Structures are given as C-alpha cells and as structure tokens.
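In what follows, a structure is listed as structure tokens, so that the remarks can point back to it.
Residue numbers (full-length UniProt numbering): 1 to 116.
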C-alpha cells in the first residue's frame with residue numbers, strides 16, 4: 001500500500017471546505033459522497049461528491065423532504081453513514097447541543113436530482 005497526498009490543484013470542481021466530524025461513503029463504483037461535518041463553529045448539512053473516474057468534485061442539487069418539510073437532514077456532525085448499492089443512509093449525530101436520532105436515505109440514482 002502507498003499513500004499519495006492530493007493537492008487542490010490535482011482536482012477539478014468545487015472541493016469541499018475543510019471540516020471535521022463528517023462522513024464519506026462510496027456510492028456505486030466511482031463516487032465518494034461527503035456529508036455534513038463541523039467547520040468555523042457551525043454544523044454543515046451540505047453534500048459534496050467526488051467522481052473518481054473523471055477526477056471532478058461537484059455539489060449535487062437535492063430534492064425530497066422529511067416530516068418537517070426540510071430537504072434532507074439538518075446540519076450535523078459526528079453522525080454515521082453507510083452506502084448500500086446506490087443509497088446513502090445517515091443516522092444520528094450532533095447539531096449544537098442536541099443529539100440527533102433521525103434516519104435518512106439519499107437515493108443517488110434519481111435521474112435529475114439526488115433525493116433525500
């Protein structure tokens with residue numbers, strides 16, 4: 001095994017901002033989905049996707065909603081995530097002083113937009 005550090009100049013697109021407490025999962029055969037985290041004293045709810053085959057970072061548009069009407073999970077860090085086939089599942093985490101116990105699924109094969 002051999003580590004190689006990637007520099008920002010090695011990539012095309014919108015690289016995710018520096019953060020901690022986020023998750024990254026492999027979806028399908030060539031995508032890495034980064035979700036959430038904590039940066040600059042705030043919790044993040046954004047998604048960044050790295051297309052391994054093309055070397056491109058992008059931010060997908062997402063649709064869908066939960067029982068509270070929001071599109072996707074609330075901003076959070078220190079959650080867990082797993083990918084099964086082309087779906088990403090997110091559970092729990094922390095947002096401010098709140099511990100979260102909600103469960104979300106991101107369907108990454110919806111043709112026009114990603115669906116929470």
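Idealized CB from N, CA, C, for every residue including glycine. A quick note: this is a predicted structure, and the numbers were derived from the prediction, not measured.
According to the neighbour-count rule (16 or more other Cβ atoms, all chains shown, within 10 Å of its Cβ), is residue i buried or exposed?
i: residue 2; result: exposed
i: residue 77; result: buried
i: residue 103; result: exposed
i: residue 23; result: buried
How is the beta strand (DSSP E) around residue i delimited, first residue to last?
i: residue 95; result: 87-95
i: residue 78; result: Run containing residue 78: none; DSSP gives neither H nor E here.
Whose C-beta lies closer than 6 Å to the C-beta of residue i among residues of the same chain, with five residues either side of it excluded?
i: residue 9; result: none
i: residue 50; result: 32, 57
Can you name, in chain order, every residue of its own chain whose Cβ lies under 7 Å from the Cβ of residue i, other than the five neighbours on each side?
i: residue 27; result: 33, 83, 86, 88, 108
i: residue 53; result: 30
Tell me residue i's beta-bridge partners as DSSP assigns them.
i: residue 57; result: 13, 50
i: residue 20; result: 38
i: residue 104; result: 90
i: residue 99; result: 94
i: residue 4; result: Paired residues: none, contrary to the question.
i: residue 31; result: 27, 51
(Q) For the region 82-92 against the region 60-71, do three or more pairs of beta-carbon atoms, one drawn from each stretch, fall closer than 8 Å, so that the two count as touching? (A) no
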